[in-house]
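Note sheet for the following structure.
Number of protein chains: 2
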Amino acid sequence: MAIYLMEKRMLNGQECDTQTWDMGNCPVRDVLDRIAGKWSTLLLEALAHKPYRFGELRRLVPDISQRMLTQTLRDLQRDGYIEREVFPTKPPSVEYRMTDLGRSLFEPLSKVLLWAGENHASVKAARVKFDESELA
Amino acid sequence: MAIYLMEKRMLNGQECDTQTWDMGNCPVRDVLDRIAGKWSTLLLEALAHKPYRFGELRRLVPDISQRMLTQTLRDLQRDGYIEREVFPTKPPSVEYRMTDLGRSLFEPLSKVLLWAGENHASVKAARVKFDESELA
DNA sequence: GGTTGTTGGTCTCAAAAAGAGACTAGCACT
DNA sequence: AGTGCTAGTCTCTTTTTGAGACCAACAACC
């Protein structure tokens, strides 16, 4: 519940009294708690590429439940990263596309995704090493 | 459980048969599923600043439970982002510090954190707008 | 010498979140 | 008449998270 204003201190390196920070207004946590979901980045990545319909996204990410797809899309829409348009076809189809805000977010975010791809081997190696030292 | 190799297609824009992708080896999801936790980025941010002891981190992030602090730190250590050192003081103290791999990850990650700080207002505005149109 | 405090955890139980799958309505196609 | 498509919702179960008690060993205090 409480939100901790930590980034100011961390990013500029200056110390300050932790007790005086505004616990209810930490931008980083407020924003990150949403995009840090299991499916959020995946859907942002897809929609950064091009707009998709609900069913297309479901097929693109086969192991997401419809429930979570609906919910994650609505969360992303609420935060302004994507927009939803209903077409009066029969049956009605819904298209999701990225907004300017979403694209702006995806720019730095894609760098992290890139890092993940490039350093996957190192991470896997670290895991093996850790697990070996664990069972000792 | 299944892991979907999506990023290759997304990042270079080329289409390919979704069925042939290796569902068990998606770097982006494998790496991101860990750092996307609620507490991971927060702890990485703290440790990017300087090493901390267990109790210091707990005080720094008051609304984390000891259980989740222990678990998140161990996960981050397992993936090679941080390392843990026990000092033979009485009672024994434990210091956590970032590794080179962790610092390498935090470089692109900090850009996202920065974005969050800069665009917090836009996100909050989008939420208000969304909630207003909801109750209509 | 008994109480209290500190260290970094683990354990248990309750609450919240996520996954699985059935179900919906309206229409199109066969 | 039956089947399938659309984008969801509803319910139930399983997993994850949170809250808080508990632990051992020692130090400092009174």
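Protein sequence lines, in the order shown, are assigned to chains A and B. Reading the first sequence from the start, the letters are residues 10 to 145 in the working numbering. Reading the second sequence from the start, the letters are residues 10 to 145 in the working numbering. Built from N, CA and C at the ideal position, the CB exists for glycine as well.
Determine which residues share a DSSP beta bridge with residue i and list them.
| i | result |
| --- | --- |
| Tyr90(B) | Tyr90(B) pairs with nothing; no bridge assigned. |
| Phe95(A) | Reading the sequence as shown, one finds Val at residue 95(A) and not Phe. Answer is Val103(A), bridged to Val95(A). |
From residue i to residue j, what distance separates their C-alpha atoms?
| i | j | result |
| --- | --- | --- |
| Glu54(A) | Phe115(A) | 8 Å |
| Lys133(B) | Thr81(A) | 17 Å |
| Ile91(B) | Leu66(A) | 35 Å |
| Glu127(B) | Leu144(B) | 29 Å |
| Leu56(A) | Met107(A) | 6 Å |
| Leu41(B) | Met77(B) | 18 Å |
| Ala125(B) | Lys99(B) | 41 Å |
| Phe63(B) | Arg93(A) | 44 Å |
| Pro60(A) | Leu52(A) | 11 Å |
| Leu110(B) | Ser113(A) | 26 Å |
State the start and end residues of the unbroken beta strand (DSSP E) segment that holds residue i.
| i | result |
| --- | --- |
| Val103(A) | Ser102 to Met107 |
Output yes if chain A places a C-beta closer than 8 Å to the C-beta of residue i; else output no.
| i | result |
| --- | --- |
| Phe139(B) | yes |
| Pro97(B) | no |
| Gly46(B) | yes |
| Gly111(B) | no |
| Pro117(B) | yes |
| Ser142(B) | no |
| Arg87(B) | yes |
| Val40(B) | yes |
| Leu51(B) | yes |
Please report the residue range of the alpha helix (DSSP H) in which residue i lies.
| i | result |
| --- | --- |
| Thr50(B) | Ser49 to His58 |
| Val66(A) | Checking the sequence shown, residue 66(A) turns out to be Leu, not Val. Phe63 to Leu69 is the extent of the alpha helix (DSSP H) around Leu66(A). |
| Ala134(B) | His129 to Glu143 |
| Asp42(A) | Pro36 to Ile44 |
Would you say residue i faces chain B, with C-beta separation under 8 Å as the test?
| i | result |
| --- | --- |
| Val37(A) | yes |
| Arg106(A) | no |
| Gly64(A) | no |
| Gln80(A) | no |
| Leu114(A) | yes |
Margin query: At a CB distance below 9 Å, what residues from the region 121-138 of chain A approach chain B? Give them in sequence order.
Written below: The residues in question are Val121, Leu122, Leu123, Trp124, Ala125, Gly126, Glu127, Asn128, His129, Ala130, Ser131, Val132, Lys133, Ala134, Ala135, Arg136 and Lys138.
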